[in-house]
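Keeping their order, the protein sequence lines are chains W and A. 0 is the number of the first residue of the first sequence in numbering that gives the first Met the number 0; add one for each residue after it. 0 is the number of the first residue of the second sequence in numbering that gives the first Met the number 0; add one for each residue after it. C-beta: ideal position from N, C-alpha, C; glycine also. Here's the structure, in structure tokens; my notes come after.
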Amino acid sequence: MSKTTTLTTVLSNGLTIIGEVSTMHKSAGLGFFVRTGSRDEHPEESGISHFLEHMVFKGTKRRSALDITYELGNIGAQANAFTSEESTVYYSAIIPEYFETLQDLLSDMMRPALVQEEFDTEKNVILEEIALYQDRPNFYLYENASREFFAGHPAGNSVLGSTESVSAITSEQMRGYLQRRYTTSNMVLVAAGNFNWDRFVSDAQRYTDDWRSDEVDRTLPQFSSEIISREYKRKGLNQSHLLLLGPGCSAQSQDRYALGLLAVILGDSSGSKFYWELIDKGIAEAASADSEERDECGCFAAYASMQPSQIDKVATTLRELVKRGAEFSADDLERAKTKVISRLALGSELPMGRLMSLGMEWNYRKRLHSVKEEISVIQSLTAGDLERAFEKYRIWELSEFRLMPE
Amino acid sequence: MQHIDTLDNGLTVVIEEMPHVESVAYELQIPGGIVCDPEDKLGGCLVLAELTSRGAGTLSSRSLSEAFEENGIRHGESCGFDRYLYRGALFAKNLPQALRLVSLMVQQPALPQSEIENIRSVLLQDLSALNDHPARRAFVELSSKYYPAPYSRCGMGSTEGLMAVDSESLRAMWKYQFAPEGAVLSLAGALKRDDVLKTVEANFAEWQGRAEKLPPFGKINRPAAHHIEHDSAQLQIVMAFPSAKFTDPHYYATKLAAGMLSGGMFGRLFIEVREKRGLCYSVYARHSATNDYGTMQAYAGTTPERAHETLQVMLDVFHALKGSATEEELARAKANLKASLVIGEESSASRAASNAGDWWLMKRVRTLDEILSKIDSISRAEVDAALEAFPARGITLLTLGSRDLTEVYNDNL
């Protein structure tokens, strides 16, 4: 954390770039954070953001898919990407001597050629990925619950899409989506760790000079949840899964710190209320709480897995604990703060940790932040702040989703 | 630079000073685990590891948990195949508290009888959930067919074993297994060796005894193909065959061969199975090794219609590597392996784990430079020699899902 400088500039084409230089590190992280995901897809495009993320690795005007793969390998880049409802992120850890090569390559990849043959082959990979997730019960529950809870609001759109929707996507549609979403105004280029800022900026200018800079829209409809309950069935399951979703705050709201601490007090993996009531007593196999902050909307989530015979008991317990969420001691609050702060600080020690945090901060809140600032905000929170957030969002008004063996 | 010290009671202490970080990570490894559990109490070690965290010294279960939290220590107590693991990450200034809490858990655990039933219940649920995770289950089933007992055991214990564990047997296990001689405490991060040694001695010098020896490793089972019928969208394909063990002269060349097969996105398996043919999302091979055995394992998950071709291509890739690897491929595998080591070196947790692992295998600790120069020195001829010594033959194959592929396997023998 010490001896770092956070810098930012906007290129003439409108691309924001951010860097946090710390020369004591032996590596650097580099990434493009695109503010696009399943919530930005038209209904007939369901799954296209994630499919495009795969296609970014499958060739450009200058490089074939194999060229990309081999060049990443030649420099030992630890590269990866992910797509969520709201973000698509391409990133890599790299040793400093290859930083510039990586920047050239990653920048080129952001303008994929979408060659038809590669498109057709990769579509099969996506269909296999959909099948893989179908075999994961907690994912299956989350995906279905999210769709029903957000009931038509784009935040509930599936990231993977369905076998049907992905099968129907054409490369023309993807070209349209790429043009529409991957503009300089809708992404940020971030680096952290051991690299040269001036070179980073001048290379960025060179590699991205001809990128389009059109303004990009994201529809942000109001979301107000209704309380519903659903039960899904799967054949052959041994364990059952329970997900409770209630109102929560947005990624832009200052209340996110208070709700985040409430989630830790309620449902952290150790030492929380859920832990002592359910895991310590052997009633559930897993239990957690989370404040899921999204772009201008959000929800509060409580999850547990347990034997099917215990699900009523677990549901009652979780509901009761969330309802009494504002009943905590001063010590509970202090311990939760210490946990959150030490995770934040330890996680920021590696370039990759800072890279993710800087990129996401920009995508959601268009600002730079330091770990110190975050820590002082968390330290300043009082029990009253948590109580006010609890009352304001009424996180106890929970919808209930169950996955049971058929 | 790492330092190794041994306390009078036999506890090995490995310390690595990392000037560029503010954190410290610790990792205490004590011999024991699933392979040492009594035949009728499989999973006892898992109950015991958890039970040591439910109160120690004068601290109740809750006060112990709160003490960790108040000091901002991320911690975990678990048990693997052949060792108990106590690990944590924290800010350097809280290290004395962390070491005190760990020393209490291993030397003075309360082992409260009242908690056993609750721990058992969670572990039985974990075991039962294995059925709901086809990929994890496939590897457990593969191990049971491939390795000799007791190395063939399921790392999550057995229902009968977990049911049979009681307070008396757990106390006996703790008394017999938890000992300093044969155990290693590895620390890495923002620390000074002399100061840390004093703190370690203050907390662990009283600990006495000799840790358990691991059971001998027998012979790998005869290769065969197995199928388990399971109602799932994908078919899980897993396989294993003998490879270089850690002490084998072919060890580093084998690591690089594994890199050419499955490193980054450039490995041949990924290219041939996924990139060129789109047969699956996840396909990989991995090489693991101890002083007793080395194993090459491979995995693919694919829908039943594509399963036959997937398996055929995987086997072809394995068979084709010897004699066909190019200099570029070798260089790529080296660059990838070296970068992952250099980047991993930034994390105190990964240094603590890696140093403990080295000591476990060699009773010494390699420096990063030593490993990097070993990797650099490997030639293409050495990779071929390793593949000659450990060809992809005698494969144990297991499929789990709705398509039986044992016939394809038999055709390939």
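Are the C-beta of residue i and some C-beta of chain A separated by less than 7 angstroms?
| i | result |
| --- | --- |
| Gln115(W) | no |
| Asp134(W) | yes |
| Met109(W) | no |
| Thr68(W) | yes |
| Ala130(W) | yes |
| Leu345(W) | yes |
| Ser145(W) | no |
Classify residue i as buried or exposed, calling it buried when 16 or more other Cβ atoms lie within 10 Å of its own Cβ.
| i | result |
| --- | --- |
| Thr68(W) | buried |
| Arg119(A) | buried |
| Pro241(A) | buried |
| Ile29(A) | buried |
| Val189(W) | buried |
| His53(W) | buried |
| Ser323(A) | exposed |
| Pro153(W) | buried |
| Thr294(A) | buried |
| His318(A) | exposed |
| Ser1(W) | The predicted model places Ser1(W) with a pLDDT of 49, which falls under 50 and marks its position as unreliable; any figure quoted below should be read in that light. Counting Cβ neighbours within 10 Å, Ser1(W) comes out exposed, since fewer than 16 surround it. |
| Ile226(W) | exposed |
| Pro18(A) | exposed |
| Met351(W) | buried |
| Val376(W) | exposed |
| His41(W) | exposed |
| Arg401(W) | buried |
So, with DSSP's three-state summary, where would you put residue i?
| i | result |
| --- | --- |
| Met259(A) | helix |
| Pro133(A) | helix |
| Tyr274(W) | helix |
| Lys144(A) | helix |
| Phe400(W) | strand |
| Thr4(W) | strand |
| Ile340(W) | helix |
| Arg412(W) | Given that chain W is displayed from residue 0 to residue 405, the structure contains no residue 412(W) and the question cannot be resolved. |
| Thr253(A) | helix |
| Ile377(A) | coil |
| Glu16(A) | strand |
| Arg62(W) | coil |
| Asp4(A) | strand |
| Glu327(A) | helix |
| Pro30(A) | strand |
| Leu111(W) | The sequence as given places Pro at residue 111(W); Leu does not occur at that position. The answer is strand: DSSP assigns Pro111(W) an E or B state. |
| Gln221(W) | coil |
| Gln409(W) | The requested residue 409(W) is not part of the displayed model; chain W covers only 0 to 405. |
| His49(W) | helix |
Distance cutoff 7 angstroms, beta carbons only. Does residue i sit that close to anything in chain W?
| i | result |
| --- | --- |
| Thr398(A) | no |
| Gly258(A) | no |
| Phe203(A) | no |
| Thr301(A) | yes |
| Cys78(A) | no |
| Ser52(A) | no |
| Phe265(A) | yes |
| Gly280(A) | According to the sequence displayed, residue 280(A) carries Tyr and not Gly. It does; some Cβ of chain W falls within 7 angstroms. |
| Ser231(A) | yes |
| Val121(A) | yes |
| Pro108(A) | no |
| Asn130(A) | yes |
| Ser127(A) | yes |
| Asn354(A) | no |
Under the DSSP definition of a beta bridge, which residues are partnered with residue i?
| i | result |
| --- | --- |
| Val9(W) | Thr15(W) |
| Lys232(W) | Met403(W) |
| Phe299(W) | Gly245(W), Ser290(W) |
| Phe240(A) | Met295(A) |
| Tyr89(W) | Phe31(W), Ala80(W) |
| Pro108(A) | Ala55(A) |
| Cys78(A) | Tyr83(A) |
Does the distance between the C-beta of residue i and the nearest non-hydrogen atom of the ligand FMN fall short of 6 angstroms?
| i | result |
| --- | --- |
| Tyr298(A) | The ligand FMN is not part of the structure shown, which contains no ligands of any sort. |
- Query: Quick one: complete beta strand (DSSP E) runs, 3+ long, within the region 120-193 of chain W?
  - Reply: 186-192
- Report the residue ranges of all alpha helix (DSSP H) runs contained in full by the region 153-219 of chain A; include only those spanning at least 4 residues, in chain order. 158-163, 166-176, 192-203
- What are the uninterrupted segments assigned as alpha helix (DSSP H) that are 4 or more residues long and contained completely in the region 353-380 of chain W, given in chain order? As far as the region 353-380 of chain W is concerned, its whole alpha helix (DSSP H) runs of at least 4 residues are 370-379.
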